[in-house]
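K.L.:
Residue numbers (our numbering): 1 to 375.
C-beta atoms are modelled at their ideal positions from N, C-alpha and C, and glycine is treated no differently.
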């Protein structure tokens, strides 16, 4: 692979998203545009599959343990991150055990062999979970045309991700954290119906966006409780988290729950899309990614990498509301997103020197969306 090396790094917090990625040295590509494109999304997901497979095989797992479809399961991404962290702290004895070199003596060699066996067992167990997830996704596909797993509450990798998000979420103004109760919850029959209706709306209004989501998303996790409206986490890439309140009709915007869910899917799906592209082509120069800036979606200053993704997300959200059935609530929401996006893009333009060519190109596209004003 052109001398590439597989590197998956995380988690770290970026603008409320638990996402941090290093790109694969030697790979080119990573094309993402404001207008969705399932073809380029598939290419970037294929590169991530190779990264995940590389991490697992480097840990000593046989490549035949999984299929290409299994590699898209967010739980296997989490396992790849875990094995990578373990290898960084492993003793030379573990590497000797993996490569077949003379076995290390004593307790050190036994620990290395045991760690390898545990990794293999963990991967095999996760592959079984991946196939159960695929079966659930096929059931959803029969009703929506989208093979996505509306994840149940028993998925450990998703529960762990929520716990990380709660730890990294900004503290409330009073400094307390005791009221945060978000956790993955099961989908009710009524919530399934809202999801199905949302898919029909997106297919009618913006089929290109739905086609891209079909490529990038593997699990949609529903959050109960309070503390997090939604997030993504590169450690469980392919999963998005949406608070169940987004599916209700009681929002302050006056929007129906099906529209609020569609916005959440576009919003969080765009974060996934940017993460996959950035794994092979960075949008920000290394020297500028952690610069702090004010952002339209957070009150506290955030790293420039977070602002960049916010601008991309807001541009796509604006395009979504230009395509949804017209109405006062839709127009009001469009106006809010347009103002936020224009403000974020102006801030990012002032830091354009921190962007790569790919980053500047995406900013140009976003600015063109914001410049057109009301639909």
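Would you mind sorting residue 156 into buried or exposed? The rule is 16 or more other CB atoms within 10 Å of its CB.
P.N.:
Result: exposed.
K.L.:
Please name the residue in 185, 189 and 32 whose C-alpha comes closest to that of residue 45.
P.N.:
The shortest Cα separation from residue 45 among 185, 189 and 32 belongs to 32.
K.L.:
What residue ranges within the region 229-295 form continuous alpha helix (DSSP H) runs of no fewer than 4 residues, ordered along the chain?
P.N.:
Within the region 229-295, the complete alpha helix (DSSP H) runs of at least 4 residues are 257-278.
K.L.:
Please report the distance separating the alpha-carbon of residue 216 from that of residue 160.
P.N.:
Answer to the nearest angstrom: the Cα atoms are 21 Å apart.
K.L.:
I need the boundaries of the beta strand (DSSP E) containing residue 300, first residue and last residue.
P.N.:
Looking at the DSSP string, the run of the beta strand (DSSP E) that includes residue 300 is 298-303.
K.L.:
Grouping DSSP H, G and I as helix and E and B as strand, with all else coil, what is residue 224?
P.N.:
Residue 224: strand per DSSP, three-state reduction.
K.L.:
Around the Cβ of residue 362, are there at least 16 other Cβ atoms within 10 angstroms (buried) or fewer (exposed)?
P.N.:
By the 10 Å Cβ count, residue 362 comes out buried.
K.L.:
Using a Cβ-Cβ cut-off of 6 Å (strictly less than) and excluding sequence neighbours within five positions of residue 257, which residues of its own chain qualify?
P.N.:
194, 247, 248 and 249, listed in sequence order.
K.L.:
Mind checking which residues open and close the alpha helix (DSSP H) that includes residue 45?
P.N.:
Run containing residue 45: 38-58, per the alpha helix (DSSP H) assignment.
K.L.:
Look at the Cβ atom of residue 317, then the Cβ atom of residue 267, and state whether they are nearer than 8 Å.
P.N.:
Yes; because the gap between Cβ atoms is below 8 Å, this pair is in contact.
K.L.:
Using a threshold of 8 Å, state whether the C-beta atoms of residue 184 and residue 223 are closer than that.
P.N.:
Yes.
K.L.:
What does the alpha-carbon distance come out to for the pair residue 48 and residue 277?
P.N.:
Between residue 48 and residue 277, the C-alpha separation is close to 9 Å.
K.L.:
By how many angstroms is the C-alpha of residue 170 removed from the C-alpha of residue 299?
P.N.:
Cα to Cα, residue 299 sits roughly 10 Å from residue 170.
K.L.:
Looking at C-alpha atoms only, which residue of 357, 302, 200 and 69 is the closest neighbour of residue 126?
P.N.:
Ranking the options by Cα distance to residue 126, first place goes to 69.
K.L.:
Which of helix, strand or coil does DSSP assign to residue 190?
P.N.:
Three-state result, residue 190: helix.
K.L.:
Would you mind stating whether residue 296 and residue 310 have Cβ atoms separated by less than 8 Å?
P.N.:
In this structure, residue 310 lies closer than 8 Å to residue 296 by Cβ.
K.L.:
Mind checking whether residue 228 and residue 166 have CB atoms under 8 Å apart?
P.N.:
Cβ distance < 8 Å, so residue 228 and residue 166 count as in contact.
K.L.:
Count the other CB atoms within 10 Å of the CB of residue 326; is the residue buried (16 or more) or exposed (fewer)?
P.N.:
Label assigned to residue 326: exposed.
K.L.:
Nearest to residue 191 by CA position, among 221, 234, 67 and 124, is which residue?
P.N.:
Answer by Cα proximity: 221.
K.L.:
Rounding to the nearest angstrom, what Cα-Cα distance links residue 360 and residue 67 in this structure?
P.N.:
Those two C-alpha atoms are separated by around 37 Å.
K.L.:
Could you tell me the alpha carbon to alpha carbon distance between residue 245 and residue 364, rounded to whole angstroms?
P.N.:
Taking the straight line joining both Cα atoms gives about 34 Å.
K.L.:
With a CB to CB cut of under 7 Å and the five nearest residues on each side skipped, what residues in its chain are close to residue 134?
P.N.:
Same-chain partners within the cutoff: 69.
K.L.:
With a threshold of 6 Å on Cβ separation, who are the neighbours of residue 152 within its own chain once the five nearest residues in sequence on each side are excluded?
P.N.:
Hits under 6 Å: 186.
K.L.:
Can you check DSSP and say which residues form a bridge with residue 215?
P.N.:
BP columns for residue 215 are empty, so no partner.
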